[in-house]
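Asker: In order, the protein sequence lines correspond to chains A and B. My numbering puts the first residue of the first sequence at 809, with every later residue one more than the last. My numbering puts the first residue of the second sequence at 13, with every later residue one more than the last. First the structure, which I've put down as structure tokens, then a few questions once you've had a look.
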Amino acid sequence: MFTTATAQTTKPLKRLAVHATTTCAEQASVYGKCILATYTDVRKDICKAEFDKFGRCLREAVRVQLSILILFPQYSSICLR
Amino acid sequence: MNIIPSRSLHRFRLFRAQTRAYAAISSSGPSPSLTTHTLGPFQVFDRETKRHQKDQAAYKNGGDSSRTVDYMRDEVADRIMERLEDIKRKFNTIIDLGSGSGHLTKLLDPNTTQKCIMIDSSRGALHRDPNSEFDVDVERIHADEENLLQVLEPNSQEAIVSCLSLHWVNDLPGILGQIKEALQPDGLFLGAMFGGDTLFELRTALQLAEVDREGGISPRVSPMTDTRDVSNLLGRAGFTLLTVDIDEIKVAYPSMWELMDDLRDMGESNAVIGRRHMIHRDTLAAASAIYKELHGNQDGTIPATFQVIFMIGWKPAPTQPKPLQKGSGKTNLKDVL
């Protein structure tokens, strides 16, 4: 049971899902509110600044997680919740 | 007043003659389709992809993933059973069209029918569960739901039921016509399909994300049958004594990601012809954020709406009750009210 759960969370898309909803929830919310404020007239890159912050947080989160994994593989179960 | 030179007039006439010829060609042939390799009714869904998705879903983790997401089909099957129990008739055989793993067949008991024939285009889903899980005799036929009359004789069936399968059929008027053909006179059709506003939250979140991130949209969620059209479709197929009603089921998910995982495990991933096969990670992350802000619940979860259209129709028979002639009423409504 434990091994399957870990195997699933190491999938790249699963990692993205975890970070988009937990680690970077704050930036996601700011971006979502920006779209919410303009959703009757959405154009390309209308919330670019907000998304850039969100995207940066996501990339950062993935990178940090990966480096911890490489340095301390014994913590993988904590890291890959 | 402008005088048009005769040469340009001539050219204009030539052009008109040409367009007319094209119009005549397209109206006499089968209805046009977006894709060149298909003929006949408008093709919206890629049936081969859909079959593959359902097989994959049913085989994943030995069927356990698929069983985890049975909640939707089991719920709708339960609601179909409520309607079936209202019909005071005992059947010898019922056809479960697009049965999946037999969610509806499992609820049937020997008081309703002796035997049930499950028909599905996905072999994996059809054979997922063993016979011991069913209370009635089951027969499984692996066949395309779109070509029902290839496996059933006309005028042969007492009842055909369908639980959440018809929303992947390209030619809905055609399949309803085939169902009516396959039924005996006074035979029953009872079906449920997704339609109307199903998954509108996911549709809008993905569209907004795609517009903002990529500057355009593509079909991510199937076009749905309008609930108001269903009774017309049933009438057109030749059913009588119609009953159509709509149930809305709202499911709360932790986030858009779990919703998409569950849809995939149900075998309900996108199978629209001409869809884009990949989705950018940025677009997905953006959609997840938009979904939550635009539609999210107070408690941090997100809702997904499923609108289920229930339809009941009977094949006409002389023995059925019919409305009286107009003007034949003897009692004045004024005296009653």
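Built from N, CA and C at the ideal position, the CB exists for glycine as well.
(1) Count the other CB atoms, across all protein chains shown, that sit within 10 Å of the CB of Gly110 of chain B; report buried if there are 16 or more and exposed otherwise.
(2) Strictly below 9 Å CB to CB, what residues from chain A border Lys304 of chain B?
(3) Three or more beta-carbon pairs under 8 Å between the region 209-219 of chain B and the region 245-255 of chain B, yes or no?
(4) Report the option in B:Glu151, B:Cys175, B:Asp198 and B:Arg140 whose CA atom is closest to the CA atom of Asp86 of chain B.
(5) Could you check if Lys192 of chain B is buried or exposed, using at least 16 other CB atoms within 10 Å of its CB as the buried criterion?
(6) Sorted by chain position, which residues of the same chain lie with C-beta nearer than 8 Å to Pro235 of chain B's C-beta, five sequence neighbours on each side aside?
(7) Between B:Pro335, B:Met323, B:Ile172 and B:Leu195, which lies nearest to Glu165 of chain B when the distance is taken from Cα to Cα?
(8) Near Ala69 of chain B, which residues of its chain fall below 6 Å by C-beta distance, leaving aside the five closest residues on each side in sequence?
(9) Relative to the C-alpha of Val850 of chain A, which residue among B:Lys304, B:Leu218 and B:Gln169 is closest?
(10) To the nearest angstrom, report how far apart Leu220 of chain B and Arg871 of chain A are at their CA atoms.
(11) Given that Arg293 of chain B touches chain A, what residues does it touch there, using C-beta distances under 7 Å?
(12) Taking Leu220 of chain B as the query, report the chain A residues whose CB atoms sit under 7 Å from its CB, ordered along the chain.
(13) Please state the DSSP three-state secondary structure of Pro44 of chain B.
(14) Out of A:Tyr847, A:Leu824 and A:Thr831, which has the shortest C-alpha to C-alpha gap to Glu222 of chain B?
(15) Using the rule of at least 16 other Cβ atoms within 10 Å of the residue's Cβ for burial, across every protein chain shown, is Gly286 of chain B buried or exposed?
(16) How should His827 of chain A be labelled, buried or exposed, when 16 other C-beta atoms within 10 angstroms of its C-beta is the threshold for buried?
(17) Please report the distance separating the alpha-carbon of Leu188 of chain B from that of Arg240 of chain B.
(18) Quick check: is the beta carbon of Asp223 of chain B nearer than 7 Å to any beta carbon in chain A?
(19) What is the DSSP secondary structure of Thr237 of chain B, counted as helix, strand or coil?
Answerer: Straight from the coordinates:
(1) Within the second sequence, the letter at position 98 stands for residue 110 of chain B. Here Gly110 of chain B is buried: its Cβ has 16 or more other Cβ atoms, across all protein chains shown, within 10 Å.
(2) Numbered from 1 along the second sequence, position 292 holds the residue referred to as residue 304 of chain B. Taking the beta carbon of Lys304 of chain B as reference, the chain A residues within 9 Å of it are Thr829, Ala833, Ala836, Ser837 and Gly840, listed in sequence order.
(3) As far as the Cβ criterion goes, the region 209-219 of chain B does not touch the region 245-255 of chain B, which means the pair count is below three.
(4) Within the second sequence, residue 86 of chain B is the residue found at index 74, counting from 1. The residue with the shortest Cα to Cα distance from Asp86 of chain B is B:Cys175.
(5) Position 180 of the second sequence, counted from the first residue, corresponds to residue 192 of chain B. Flag for Lys192 of chain B reads buried.
(6) Numbered from its first residue, the second sequence carries residue 235 of chain B at position 223. Apart from sequence neighbours up to five positions away, the residues of its chain that approach Pro235 of chain B with a beta-carbon distance below 8 Å are Val56 and Val284, ordered along the chain.
(7) By 1-based counting over the second sequence, the position of residue 165 of chain B is 153. The residue with the shortest Cα to Cα distance from Glu165 of chain B is B:Leu195.
(8) For the purposes of this step, residue 69 of chain B is taken as the residue at position 57 of the second sequence. Cβ-Cβ distances below 6 Å link Ala69 of chain B to Ser78, Asp277 and Gly279 in the same chain, with the five nearest sequence neighbours on each side left out; the list follows chain order.
(9) As a first step, residue 850 of chain A is located in the first sequence; it is residue number 42 there, counting from the start. The shortest C-alpha to C-alpha distance from Val850 of chain A to any of B:Lys304, B:Leu218 and B:Gln169 is the one to B:Leu218.
(10) As a working mapping, residue 220 of chain B is identified with position 208 in the second sequence. As a working mapping, residue 871 of chain A is identified with position 63 in the first sequence. Whole-angstrom Cα-Cα distance: 28 Å.
(11) By one-based count along the second sequence, residue 293 of chain B stands at place 281. Under the 7 Å cutoff, chain A gives Leu824.
(12) In the second sequence, the residue the question calls residue 220 of chain B occupies position 208. Going along chain A in sequence order, the residues near Leu220 of chain B (Cβ under 7 Å) are Ile843, Tyr847 and Val850.
(13) Stepping through the second sequence from its first residue, residue 44 of chain B is reached at position 32. Here the model assigns Pro44 of chain B a pLDDT of 43, short of 50, so the residue's position is not dependable and the matter cannot be decided.
(14) As a working note, residue 222 of chain B is residue 210 in the second sequence. Per the Cα distances, A:Tyr847.
(15) Here residue 286 of chain B refers to the residue found at position 274 when the second sequence is read from its first residue. It counts as exposed.
(16) Position 19 of the first sequence, counted from the start, is the residue given in the question as residue 827 of chain A. When all chains shown are included, His827 of chain A counts as buried.
(17) Numbered from its first residue, the second sequence carries residue 188 of chain B at position 176. Numbered from its first residue, the second sequence carries residue 240 of chain B at position 228. Here the C-alpha atom of Leu188 of chain B lies approximately 16 Å from the C-alpha atom of Arg240 of chain B.
(18) Translated into the one-based positions of the second sequence, residue 223 of chain B becomes position 211. In the sequence as displayed, the identity of residue 223 of chain B is Val instead of Asp. At a cut-off of 7 Å, the C-beta of Val223 of chain B has a neighbouring C-beta in chain A.
(19) Locating residue 237 of chain B in the second sequence gives position 225, counting from the first residue. Coil at Thr237 of chain B, not helix or strand.
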